[in-house]
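Peer 1: Input: one structure, supplied below.
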Amino acid sequence: MTSPKTCHEFALGLLILGIVLLMATPSLPASPLDDGPVQLARARVEAPPQVSTADDPATVTAPPPPVADPTETAFLEADDDEANRDEAEALTEATEGSHATERFVVSELRDDVNDWLAQLERLRGMVARRELVGATDLYLALRGRIAAYPALSTRLRPPLDELKGGLELALANEIDYGCQQILQRRANRSHPAQIIASMWWTKSWIDALARLTSDQPSPWVGYGRRTIGAVLTNEIRYGMNRLRAKAREGAPAASRQVSAAWTRQWLKASRRLGLGPTAAALDKMEKELAAIVAAAPVPPAAPPTGSTSRPPASTASSNRGRGLWQNPCPAGRPSPYAGDDGCDFHAPRGTPVYCARDGVIVYNDPRGHSRQETPNDDTGAIRIVHADGKHSWYAHLSARNTALKPGMPVKAGTMIGRVGRANGVDHLHFSIFFTAGGDAGGFMDPFAIAAMFR
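Heads up, the sequence shown is in the UniProt record's numbering, so the first residue is 1 and it goes up one at a time.
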C-alpha cells in the first residue's frame, strides 16, 4: 500500500514535468472559439498583418507596437460601453422630453384656439341679443389674446374685425335712440328721474363705443356726450333761475325747498355722469342753492291803512280766496310734480276748459303745443295775456273755441276749449308765466297752482 507521502511526491513531479513541456512548446494564437471579451479583444488587436514573403522587406509595414495588458484593455472597453449606454439613455430621455414638451405646447395651443373660437361664437350671440356693453368687453379681451399668436392672427382677426363693424353700428344706433329719447322726454316735461335714467343707459353705450374705437374715436361718442351735457346744463340753469326768482319774490320756504330738490337731482346727475357744467361750476351752484333755501322769506307788504275794498261777492265766491285766478277745469283733479312748468288737471277727454282770468288772446293754435308728444296726442293750445303782464297757457286741448281770435279780449269763466289727451293720459296742462318769455321768464310753481284750486 502506497503511503500518502509517496503520492504527494508523485503529483509534484507530474506538475513540474507539465511546466517544462509547456515552456518548450511554441505559443499558438488564441482560438476564436474562446469565450469572453478579454480573449476576443486580444485576438483582434494582437493579430499581425498578413505579410507575403515575396514582398520587398523595405515595403513591409511594421507590425503594431506591443499591446497593453489584455485585462486592462478589457476594463477600458467595458468602461467605454457603459459610457455609451449612459449617453444613449440621456439622449433618449432628452429626445422623449423634447417630444413631450412639443406635444404639450401643441395641445395647449389647440385648446386655447378652440376656446377663442367658442368665445367668438358667444360674442356673435351677444351682439344679436343686443347685449352691447358686455359684447364690447368680450371683443376687447379676444383682441388682446390674438397678440399671443402672431402666426394665427391672419386667420383669427378677419372674423373678429367683421363683428367689430356690426358692434360699432349697433352701439351708434343705440346712442342715437337714447339721445332722441332724452330730448323727447324733456320736451314732454317728463319726470327728471325718467330723463336721468335714459341718460345713464345712453352713457353706458357711449362709454362702450369709446372703448371699442379708442384707436379712431367714433363721431357718435362726441354727439352723445354733447347732447347729454347740453340737457343737463339747461335743466340746471333753469332750476337755478327759478330758485333766484323765488328768492327775489320772497317765496315761502316750502316752495323754495321743492324747487331746490328738483334742481339737486340735475346737479347730482351731472356730477355722477361727468357731463354738463364743470365740477367747479357745480360746487358754486350747490352753495348758492343751499343759501337760497336757508334764507328767510321776505314778509309780504302790508295792505294800505283804512282800506276796506273787497272783491264783489260773486267773484269772491268763485275764487274762494284764490285772488284773481279761477279754476280753469273745475271738474278736473290738480296733479302737480316737481320740475314741471305748470300743473296738470286730470279729467276725461272733452271736459270743458275755462279762461282763468280776464285777458287778451295771444294765440289760439291747433298745434300750439311745442310738439306732438306721442301718436294721436291732442296738441291744441291757447295763450292769454293779463293786465299785470302774466300769461296763462292751456295745452293739450282736444277742441278750441275758434271764435276767439288773437287780440280779442276774453273774460274769466269763458269756455275756451276741452280737455285732450297726451302721453296716454287725459288731462289739461295749465301754466302761469310771469312774462311773455315762457319758461325762461319764470313761472308759478305747479304746487302753488294746485294749492289755489284744491
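Every residue, glycine too, gets a C-beta built ideally from N, C-alpha and C.
Label tryptophan 262 either buried or exposed according to how many other C-beta atoms from any shown protein chain fall within 10 Å of its C-beta, with 16 as the threshold for buried.
Peer 2: Flag for tryptophan 262 reads buried.
Peer 1: Nearest to arginine 157 by alpha carbon, out of Ala172, Leu140, His191?
Peer 2: Of Ala172, Leu140, His191, the residue nearest in Cα terms is Leu140.
Peer 1: Select from Gln119, Arg186, Leu212 the residue whose C-alpha is nearest the C-alpha of leucine 167.
Peer 2: Checking every option, the nearest Cα to that of leucine 167 belongs to Leu212.
Peer 1: Using a threshold of 7 Å, state whether the C-beta atoms of glycine 424 and valine 353 are closer than that.
Peer 2: The answer is no: Cβ separation not under 7 Å.
Peer 1: Measuring straight from C-alpha to C-alpha, what distance separates alanine 448 and phenylalanine 434?
Peer 2: Their Cα atoms are separated by approximately 14 Å.
Peer 1: Comparing alpha-carbon positions, which option in His391, Arg244, Arg226 lies nearest leucine 289?
Peer 2: Closest by alpha carbon: Arg244.
Peer 1: Could you work out which residue in Pro217, Ala294, Ala280 is closest to proline 252 when comparing CA atoms only?
Peer 2: The option with the nearest alpha carbon to proline 252 is Ala294.
Peer 1: What's the C-alpha gap between methionine 408 and alanine 291?
Peer 2: For methionine 408 and alanine 291, the distance between alpha carbons rounds to 44 Å.
Peer 1: Look up glycine 36 in the DSSP assignment and say whether it is helix, strand or coil.
Peer 2: At glycine 36, the pLDDT of 42 sits below 50, so the modelled position is not reliable; the number obtained from the coordinates is stated separately. Coil at glycine 36, not helix or strand.
Peer 1: Suppose the cutoff is 7 Å on Cβ atoms and the five residues either side in sequence are ignored; what does the same chain contact list for leucine 120 look like?
Peer 2: Leu142, Pro159, Leu160.
Peer 1: Let's test the definition: count the other Cβ atoms within 10 Å of the Cβ of valine 231 and tell me whether it reaches 16, buried, or not, exposed.
Peer 2: Counting Cβ neighbours within 10 Å, valine 231 comes out buried, since at least 16 surround it.
Peer 1: If you draw a straight line from the alpha carbon of histidine 191 to that of glycine 274, how long is it in whole angstroms?
Peer 2: Answer to the nearest angstrom: the Cα atoms are 21 Å apart.
Peer 1: Closer than 8 Å is the cut-off here; do at least three beta carbon pairs connect the segment 390–409 with the segment 359–367?
Peer 2: Because the criterion of three Cβ pairs below 8 Å is met, the segment 390–409 and the segment 359–367 touch.
Peer 1: Is the distance from the Cβ of glycine 134 to the Cβ of cysteine 179 below 7 Å?
Peer 2: No; because the gap between Cβ atoms is not below 7 Å, this pair is not in contact.
Peer 1: Near serine 153, which residues of its chain fall below 8 Å by C-beta distance, leaving aside the five closest residues on each side in sequence?
Peer 2: Answer for serine 153: Ile146, Ala147, listed in chain order.
Peer 1: Drop a sphere of 10 angstroms on the beta-carbon of asparagine 327, count the other beta-carbons inside from all chains shown, and report buried for 16 or more, exposed for fewer.
Peer 2: Buried, since its Cβ has 16 or more Cβ neighbours within 10 Å.
Peer 1: In this structure, does DSSP put serine 218 in helix, strand or coil?
Peer 2: Coil at serine 218, not helix or strand.
Peer 1: Taking only the alpha-carbon atoms, compute the straight-line gap between proline 299 and glutamine 257 and give it to the nearest angstrom.
Peer 2: Residue placement at proline 299 cannot be trusted, given a pLDDT of 47 that sits under 50; what the coordinates show is reported in the next sentence. Rounded to whole angstroms, proline 299 to glutamine 257 spans 17 Å at the Cα level.
Peer 1: Considering only residues of the same chain and omitting the five flanking positions on each side of glycine 420, which have a CB-CB separation below 7 Å?
Peer 2: Counting only Cβ-Cβ distances below 7 Å, and skipping sequence neighbours, we find Arg349, Asp378, Gly380, His396, Leu397, Ser398.
Peer 1: With which residues is valine 419 paired in a DSSP beta bridge?
Peer 2: Answer is Leu397, bridged to valine 419.
Peer 1: Using a Cβ-Cβ cut-off of 6 Å (strictly less than) and excluding sequence neighbours within five positions of glutamine 194, which residues of its own chain qualify?
Peer 2: Only Arg185 meet the Cβ criterion.
Peer 1: Would you mind working out which of Pro330, Ala247, Arg333 sits nearest residue 464, comparing C-alpha positions?
Peer 2: Only positions 1 to 454 of the chain appear in this structure, which leaves residue 464 out of reach.
Peer 1: As a quick exercise: from Gln181, Arg189, Lys284, Asp115, pick the residue whose alpha carbon is nearest that of cysteine 343.
Peer 2: Closest by alpha carbon: Arg189.
Peer 1: With burial defined as no fewer than 16 other Cβ atoms inside 10 Å of the residue's Cβ, what is the status of alanine 208: buried or exposed?
Peer 2: It is buried - the Cβ of alanine 208 has at least 16 other Cβ atoms within 10 Å.
Peer 1: Measure the CB-CB distance between isoleucine 175 and isoleucine 206 and report whether it falls below 7 Å.
Peer 2: Yes.
Peer 1: State yes or no: is the C-beta of serine 392 within less than 7 Å of the C-beta of alanine 422?
Peer 2: For serine 392 and alanine 422, no; Cβs fall outside 7 Å.
Peer 1: Hey, how far is the Cα of arginine 454 from the Cα of valine 221?
Peer 2: Their backbone Cα atoms lie some 48 Å apart in a straight line.
Peer 1: Going by the CB atoms, is the gap between methionine 199 and methionine 240 shorter than 7 Å?
Peer 2: Not in contact: methionine 240 and methionine 199 (Cβ atoms no closer than 7 Å).
Peer 1: Quick test of your reading: aspartate 426 and histidine 346, contact by CB under 8 Å. State the CB separation rounded to the nearest angstrom.
Peer 2: Correct: roughly 7 Å between the Cβ atoms.
Peer 1: By the 10 Å Cβ neighbour count, where 16 or more other Cβ atoms means buried, how is threonine 227 classified, buried or exposed?
Peer 2: The residue in question, threonine 227, is buried, as its Cβ has 16 or more Cβ neighbours within 10 Å.
Peer 1: Alpha carbon to alpha carbon, how far is glycine 125 from alanine 118? Give it in angstroms, no decimals.
Peer 2: Going by the C-alpha atoms only, they are around 11 Å apart.
Peer 1: Under the three-state reduction of DSSP, which class applies to proline 336: helix, strand or coil?
Peer 2: Looking at proline 336 - three-state DSSP - the assignment turns out to be coil, as it is neither helix nor strand.
Peer 1: Does DSSP classify leucine 428 as helix, strand or coil?
Peer 2: The answer is strand: DSSP assigns leucine 428 an E or B state.
Peer 1: DSSP three-state call for alanine 347: helix, strand or coil?
Peer 2: It is coil, neither helix nor strand.
Peer 1: Could you compute how far the alpha carbon of arginine 271 sits from the alpha carbon of tryptophan 325?
Peer 2: Approximately 40 Å between the Cα atoms of the pair.
Peer 1: Let me check one thing: in DSSP terms, what residues is histidine 391 bridge-paired to?
Peer 2: BP columns for histidine 391 point to Val385, Phe433.
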